[in-house]
Amino acid sequence: MLMLSPKSKRYLSQMILSLILVLPDMAMAGPETEGADNEDDLIQAVLQPVGNLDFSKSSVDLGELLQGASVEVRFDFEVRGDGPVKILGVHQDCGCLTSSLKPGQFLSAGSKDFLKLTLDTKSFAGPIDKTIMIMTDEPKAKRLHRLRIKAKIRQMVSISPPLVRFDWTKSDTVSETVVTVRRLAQQTLNIEKVDFNRDNLDVDVEPAADSWQLRIRWKGNAPVQPFQEMIRITAAAPYGDLQIPVLGHVNAKH
Numbered sequence: 000m001l002m003l004s005p006k007s008k009r010y011l012s013q014m015i016l017s018l019i020l021v022l023p024d025m026a027m028a029g030p031e032t033e034g035a036d037n038e039d040d041l042i043q044a045v046l047q048p049v050g051n052l053d054f055s056k057s058s059v060d061l062g063e064l065l066q067g068a069s070v071e072v073r074f075d076f077e078v079r080g081d082g083p084v085k086i087l088g089v090h091q092d093c094g095c096l097t098s099s100l101k102p103g104q105f106l107s108a109g110s111k112d113f114l115k116l117t118l119d120t121k122s123f124a125g126p127i128d129k130t131i132m133i134m135t136d137e138p139k140a141k142r143l144h145r146l147r148i149k150a151k152i153r154q155m156v157s158i159s160p161p162l163v164r165f166d167w168t169k170s171d172t173v174s175e176t177v178v179t180v181r182r183l184a185q186q187t188l189n190i191e192k193v194d195f196n197r198d199n200l201d202v203d204v205e206p207a208a209d210s211w212q213l214r215i216r217w218k219g220n221a222p223v224q225p226f227q228e229m230i231r232i233t234a235a236a237p238y239g240d241l242q243i244p245v246l247g248h249v250n251a252k253h
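Each step along the sequence shown adds one to the number in numbering that gives the first Met the number 0, with nothing skipped, and position 210 is 209.
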């Protein structure tokens, strides 16, 4: 424990109390400040050293992946120094990435572990470059860690149109839309399951040569407002999961 003279202790206590009044969130950033019910505990909590989060690499190139694949990527790290590191925030490019590190998590001093990222490729085709940013309580120059995943996604199917849109008024009869799902790979495309909101949609699925046709109709008594649904298709390997967004707007009158 760090030993301070009574005068230094009083000065440091006054400084800490001023910080608490001005920046309460910063003063309560570490777990050691919880329950710091006396002057000595508070001083030691503020003086607690912070470690250094060191990733062994910051970028991974996965090469070519099949569309629809879910891939796990590992980033090894070590916490150097005498103190722990707290994860303050995790920001992904999109919902296609999920992280094993979560805000509020503490990494103990000297620990060696890895961050696991899961990349969902079903919404992509062609080259992708995705980033995840990890923010910690380290000093300002070191607190932001940017990790990148690169890949080239080989499109397995074409969906035409890729999005269904219905716009009508209350007095109209809603027309149907036909979506064609066509294979681009050599393997036979077999659709095993189609999930959708049966309260609002009718979907008929029919095979057609090297493709499938989905006949989509809106049947719900929708209120006068925008709406959004999702049709989820499960296809046999190697095609995986596909999805078709259904958007629209109901107008009160022409």
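A virtual CB, placed ideally from N, CA and C, is assigned to each residue, including glycine.
Checklist entry - Of all the options Arg164, Val245, Ser110, which has the alpha carbon lying nearest to the alpha carbon of Asp81? => result If you number the sequence shown from 1, residue 81 lands on position 82. It is Ser110 whose Cα lies nearest to the Cα of Asp81.
Checklist entry - So, helix, strand or coil for Lys192, using DSSP? => result Taking the first residue of the sequence shown as position 1, residue 192 is located at position 193. Of the three classes helix, strand and coil, the one that applies to Lys192 here is strand, per DSSP.
Checklist entry - Between Pro83 and Ser99, is the Cβ-Cβ spacing less than 8 Å? => result Your numbering for residue 83 matches position 84 in the sequence shown. Your numbering for residue 99 matches position 100 in the sequence shown. It is not a contact, given that the beta carbons lie outside the stated cut-off.
Checklist entry - Could you give the C-beta distance for Ile127 and Ile152, rounded to a whole number, given that I count them as a contact under 8 Å? => result Within the sequence shown, the letter at position 128 stands for residue 127. Within the sequence shown, the letter at position 153 stands for residue 152. Yes, Ile127 and Ile152 are in contact; Cβ-Cβ is about 6 Å, under 8 Å.
Checklist entry - Using the C-alpha atoms, what's the distance from Ile86 back to Gln186? => result Position 187 of the sequence shown, counted from the first residue, corresponds to residue 186. Position 87 of the sequence shown, counted from the first residue, corresponds to residue 86. Straight-line Cα distance between these residues: approximately 45 Å.
Checklist entry - What's the C-alpha gap between Phe165 and Val177? => result Residue numbering aside, residue 165 sits at position 166 when the sequence shown is read from its first letter. Residue numbering aside, residue 177 sits at position 178 when the sequence shown is read from its first letter. Between Phe165 and Val177, the C-alpha separation is close to 12 Å.
Checklist entry - Whose C-alpha, out of Gly62, Lys218, Asn189, is nearest the C-alpha of Val180? => result As a working mapping, residue 180 is identified with position 181 in the sequence shown. Considering only alpha carbons, the answer is Asn189.
Checklist entry - Smallest Cα separation from Val260: which of Ala236, Ala234, Trp217? => result Lying outside 0 to 253, the shown extent of the chain, residue 260 is not represented and no answer is given.
Checklist entry - Can you tell which of Val193, Arg79, Leu61 has the C-alpha that lies nearest to the C-alpha of Arg73? => result The sequence position of residue 73 within the sequence shown is 74, counting from 1. When each option's Cα is compared against that of Arg73, the closest is Leu61.
Item to check | Ala140 to Gly50 span [Cα, whole Å] | outcome: Taking the first residue of the sequence shown as position 1, residue 140 is located at position 141. Taking the first residue of the sequence shown as position 1, residue 50 is located at position 51. Roughly 13 Å separates the two Cα atoms.
Checklist entry - Does DSSP classify Ala234 as helix, strand or coil? => result For the purposes of this step, residue 234 is taken as residue 235 along the sequence shown, with counting starting at 1. In this structure, Ala234 counts as strand in the three-state DSSP scheme.
Next on the checklist: Looking only at its chain, what residues have a beta carbon closer than 7 Å to the beta carbon of Ser57, apart from the 5 residues adjacent to it on each side?
Outcome noted: On the sequence shown, residue 57 is found 58 positions in, with the first residue counted as 1. Excluding its 5 nearest sequence neighbours in each direction, Ser57 has C-beta neighbours in its own chain below 7 Å: Arg145, Leu146, Arg147, listed in chain order.
Checklist entry - Contact check, Arg231 vs Glu175 under 8 Å by CB: the rounded distance? => result Translated into the one-based positions of the sequence shown, residue 231 becomes position 232. Translated into the one-based positions of the sequence shown, residue 175 becomes position 176. Actually they are not in contact, since the Cβ atoms of Arg231 and Glu175 sit about 19 Å apart, beyond 8 Å.
Checklist entry - In its own chain, which residues sit with a C-beta less than 7 Å from the C-beta of Leu65, not counting the 5 before and 5 after it? => result Reading the sequence shown from its first residue, position 66 is the one you call residue 65. Excluding sequence neighbours, Leu65 sits near Arg153, Met155, Pro237.
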